[in-house]
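Participant: After the structure tokens below, expect a handful of questions from me.
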Amino acid sequence: AEWIKSGDPSGGRTGSLRFADANGEIANFEFEDAVRPGARDVVSALKLAGYRVALLSGDRETTVNAVAQAVGIADAWAGIKPNGKICFIEDLKARGRKVLMVGDGLNDAPALAAAHASLSPSTAADISQTAADAVFQGQPLAPILETMTVARAAQRMSFENFAIAIGYNVVFVPLAMAGYVTPLIAALAMSLSSIAVTANALRLRGRNLPLESLRRTA
């Protein structure tokens, strides 16, 4: 609105988009973004699990505050430009926080690339989908929770697989060096170790991952 210099920028009315012609006539257009399905439930689940949830937007303060209130976010920032979002993320990273950025706008792309991990819906701008680490389908935000629970479970299984591999080496390498294991048995043990690691990883496909697995450990 401040770009329109002639007359009252608001034209006595409010609007998300304003147009002024050469005669100074001002037309106001009002737009309203609908909150994505399940947004409040997702925010509530993340907060319950101990995560800090912040809303960064380049939109007006009144709009941002209304959306933040609707979904239950207390930490909301309005009028933030792309470089401001990056600064916000870098400040969190400097304080040792791990940042997950979720965005769909054209000006979210730099922040998506700056975060430790990032998600973008399939309806997002192409550049945002390209910058994000993963893209989820549909309008609901529930895939955010699913992605985080699967990631945590995968991390735990990675540690289990490392333990299996280390255990194999601790047991069989000294035996082989001492001559107690024949090459055939050593090859068989190596194959069994690989099968054990693969089978352990495949357990993730059939597991029921509870929401409690999202809870932060630190």
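With the sequence shown counted from 1, adding 2 to any position gets you my numbering.
We put the beta carbon where it would ideally sit given N, CA and C, even for glycine.
When the Cα atoms are used, what is the spatial distance from S12 to R20?
Facilitator: At S12 the pLDDT is 49, less than 50, meaning the model places this residue with poor confidence; the figure from the coordinates comes in the next sentence. Looking at the two C-alpha atoms, the distance is approximately 8 Å.
Participant: Quick check on I197: buried or exposed, where buried means 16 or more other Cβ atoms within 10 Å of its Cβ?
Facilitator: Exposed, since its Cβ has fewer than 16 Cβ neighbours within 10 Å.
Participant: Name the DSSP beta bridge partners of S122, please?
Facilitator: Residue pairing from DSSP places S122 in a beta bridge opposite V137.
Participant: Report, in whole angstroms, the separation of the C-beta atoms of G98 and S130, which I expect to be a contact under 8 Å.
Facilitator: About 27 Å separates the two Cβ atoms, so there is no contact after all.
Participant: Residues in the same chain with beta-carbon distance under 7 Å from A201, minus the five sequence neighbours each way, listed in chain order, please.
Facilitator: none
Participant: Indicate whether the contact test is met: 3 or more Cβ pairs, each with one atom in the stretch 61-72 and one in the stretch 30-44, closer than 8 Å.
Facilitator: yes
Participant: Determine, using beta carbons only, whether N67 and A78 come nearer to each other than 8 Å.
Facilitator: yes
Participant: Okay, do the stretch 57-65 and the stretch 153-164 touch, 3+ Cβ pairs below 8 Å being the bar?
Facilitator: no
Participant: Contact between the stretch 166-184 and the stretch 79-94 is defined here as three or more beta-carbon pairs at a separation below 8 Å; is this criterion met?
Facilitator: In the pairwise beta carbon analysis, the stretch 166-184 is classified as not touching the stretch 79-94: fewer than three pairs are separated by under 8 Å.
Participant: Would you mind sorting M192 into buried or exposed? The rule is 16 or more other CB atoms within 10 Å of its CB.
Facilitator: exposed
Participant: In terms of residues, what are the limits of the alpha helix (DSSP H) holding I75?
Facilitator: From DSSP, I75 is part of no alpha helix (DSSP H); its letter is neither H nor E.
Participant: Could you give the distance in angstroms between the alpha-carbon of A113 and the alpha-carbon of A96?
Facilitator: 15 Å
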